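One structure below.
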């Protein structure tokens, strides 16, 4: 038999190759060998998902413990009595509004990715945003939110560079917007009307900061990507170019700001509903200020869920807005029950459904995309 015939026999899996020819190593036993590691990998994936869900539950318990110690600073009996006599119908309405804020945030993210030429189905976008929000609550300075680019990459083939640019734009711009809106509304509590109006004008200028900051960056720095740049450095450069592209779109910035302001207003209204549920009252501006400032404090906190600092901030602004300390602490507890708890549970479900953020083998660096 010729060498060519023997090679053909090996390729087709024949067993009729003469014994005096070169020995043939059959690959059939390799198939069952792969089944074991595959099943083991699936078990590990399931364990990781259960571990993340368990971690979420532990953090919720920690949050509850911190709220307990916060309550102890006032009369616990009065706080429990207040919270126990709340209108649960209004609490239910406040909880239902979490769906509205979730849909608005998902649509806002989708608009940014669309600008970069990418698409993620709206339903999955909601789950990814919830998962990213929960992971950001679990990590210092909300760094867990950077899991979203990898979830988009895993499920919808979105380049990591585009996902990172989207998340960074969202985080930076939203923090600025929260600080501006919360700062102006909080100033209205403490300062005269004329000084508050002056701060509002400054705030309007700062709301356009993504655009003029991008213009200054384009003017003073070159953002081109050398063709030889690959790997991590190339991915970072691509993300910066796309981040600049988002910042240089004034219409996009206006639409993003509109969605953000609606989210702030709805979230403030949720707090207002909880205040009404206790039979007390503050203005909507105070409630929005409490939400915005507490979110900023919670975002830079090193504790999961921004616990402690965010709660104290919420209570302090509500007291400044006219609530008693007992009412303010009771509302803070209800905020965790009606807003943090449902979103945390939804985020845990999202993590279970989407799986662990990962990059496929061979694609450890962001794939190149056209700017």
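In the numbering used here, the protein residues as written are 165 to 535.
Ideal Cβ placement from N, Cα and C applies to all residues, glycine included.
Keep in mind that this is a model prediction, so the values were computed, not measured.
Around the Cβ of residue 376, are there at least 16 other Cβ atoms within 10 angstroms (buried) or fewer (exposed)?
exposed
What does the alpha-carbon distance come out to for the pair residue 290 and residue 296?
10 Å
**Study point:** Of the listed residues 347, 372, 374, nearest to residue 361 (C-alpha basis)
**Key:** 347
With 16 as the cutoff for other CB atoms within 10 Å, does residue 252 come out buried or exposed? Its Cβ having fewer than 16 others within 10 Å, residue 252 is exposed.
To the nearest angstrom, how far is the alpha carbon of residue 378 from that of residue 315? 27 Å
> With a Cβ-Cβ cutoff of 7 Å, do residue 436 and residue 491 count as a contact?
Replying inline: no
- Anticipated Cβ contact below 8 Å, residue 353 with residue 484, distance rounded: 5 Å
query: How about residue 328 and residue 317: are their beta carbons less than 7 Å apart?
result: no
- Message: Within 10 Å of its beta-carbon, does residue 308 have 16 or more other beta-carbons around it, so buried, or fewer, so exposed?
- Response: buried
query: Rounded to the nearest angstrom, how far is the Cβ of residue 495 from that of residue 438, given a contact under 8 Å?
result: 5 Å
In whole angstroms, what is the alpha-carbon distance linking residue 457 and residue 286? Between the alpha carbons of residue 457 and residue 286 lies a distance of about 29 Å.
Problem - Contacts around residue 258, its chain only, beta-carbon distance under 6 Å, and the 5 residues preceding and following it disregarded - result: 434, 437, 438, 502
Own chain, CB closer than 6 Å to residue 280, minus 5 neighbours either side, in chain order
Around residue 280: 326, 406.
So what's residue 326 in DSSP terms, helix, strand or just coil?
-> helix
Just confirm the distance between the C-beta atoms of residue 449 and residue 349, as a whole number of angstroms; I'd bet it's less than 8 Å. 5 Å
**Q.** 8 Å contact criterion, which residue 310 and residue 331 should meet: CB distance rounded
**A.** 6 Å
**Asked** Which value, in whole angstroms, describes the spacing of the CA atoms of residue 298 and residue 445?
**Response** 30 Å
Please classify residue 266 as buried or exposed, where buried requires at least 16 neighbouring CB atoms within 10 angstroms. The Cβ neighbour count for residue 266, taken over all protein chains shown within 10 Å, is at least 16; the residue is labelled buried.
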